[in-house]
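Following: one structure in structure tokens, then a few remarks.
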Amino acid sequence: MADRYTQTHASRSATTPKRSGAGDGVLVVGLGRFGSALAATLDRLGQDVLAVERNATLAQQWAGRIPLVEADATNPEALEQLGARDFPVAVVGVGSSLEASVLITGNLVDMGTPQIWAKAVSAEHGRILQRIGAHHVVFPEADAGNRVAHLVSGKLMDYIEVEDGFTIVKMRPPKEMQGFTVEQSKVRTRYGVTVIGVKPPGQEFIYATPQTRISANDLLVVSGHSELLERFAARP
1 MADRYTQTHA SRSATTPKRS GAGDGVLVVG LGRFGSALAA TLDRLGQDVL AVERNATLAQ
61 QWAGRIPLVE ADATNPEALE QLGARDFPVA VVGVGSSLEA SVLITGNLVD MGTPQIWAKA
121 VSAEHGRILQ RIGAHHVVFP EADAGNRVAH LVSGKLMDYI EVEDGFTIVK MRPPKEMQGF
181 TVEQSKVRTR YGVTVIGVKP PGQEFIYATP QTRISANDLL VVSGHSELLE RFAARP
């Protein structure tokens, strides 16, 4: 294991852009669907990212596409050798193995990683991760299912729940708004939601003002509590 790790780490040093220094970057552990999408997006956005994957087949699939190390992150010595302490943010994308997820998260907690994001596949899994010290627990499958449920059951075109029910949606304007300004439609008074932005056809989104006039073909970005938004979106 030590010889294999040393060889992989040496390969990474020759191909990975030099980090700008300690205290920056994101460590992503696990290259399943969630971890690989996260790591690839961070890399595309120009973020300093390093992926860690112990499965040789997955590591080979992503070799040369993103900076990565083939190593077993359940082993604290492997994390130490790849410089995990230098990363202020770590994401544990391992979800299929509860034991591996907990061990990796625990290793990062012991290292004092300032921000640890961990994927959970169940409420029980999430509670364990929080108890051992994960700062943020995410439920990709549950969040995606919740979001899609809102989209397929109504007129919403996009749905993002921020926290404690506060939600932002993209939608078409109800008929009662069409042809009127935001002020004239009185949606905040009547429905308790706020029109944040408007996208006229063929144009960019603009911040809404009380004088912004809404047409039938506009797209609206609206915020408010999820229940209020559902009622507002149900308007004909």
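Following UniProt numbering, the residues of the sequence shown are numbered contiguously, the last one being 236.
Backbone N, C-alpha and C fix where the C-beta goes; we use that ideal spot for every residue, glycine too.
Taking C-beta atoms as the reference points, VAL222 and VAL193 count as a pair closer than 7 Å. The secondary-structure analysis by DSSP pairs ALA90 across a beta bridge with LEU27, ILE116. As DSSP reads the structure, VAL195 sits in a beta bridge with VAL222. Of the residues assessed, TYR159 falls on the buried side of the cut-off, its CB having 16 or more other CB atoms within 10 angstroms. Linking GLY106 to ARG85 through their CA atoms gives a straight-line distance of about 13 Å. Per DSSP, GLU183 lies in no beta strand (DSSP E) segment; the continuous alpha helix (DSSP H) that holds it begins and ends at 182 to 185.
If you draw a 10 Å sphere on the C-beta of GLU70, you find 16 or more other C-beta atoms in it, and that means buried. A check of alpha carbon separations from GLU124 across GLY30, VAL148, LEU98 identifies LEU98 as the nearest.
Comparing alpha carbon positions, the residue from SER226, LYS170, GLY93 closest to ASP164 is SER226. Taking C-alpha positions only, ASP110 is separated from LEU50 by approximately 20 Å. For GLY93 against GLY25, the beta-carbon gap comes to about 16 Å, at or over 8 Å, which does not count as contact. For PRO140, same chain residues with a beta-carbon under 7 Å away, outside a window of 5 residues either side, are PHE34, LYS119 in chain order. The DSSP-derived three-state label of THR167 is strand. If the five residues before and after ASP72 are omitted, its C-beta is found closer than 6 Å to the C-beta atoms of ARG54, ALA78, all from its own chain and listed in chain order.
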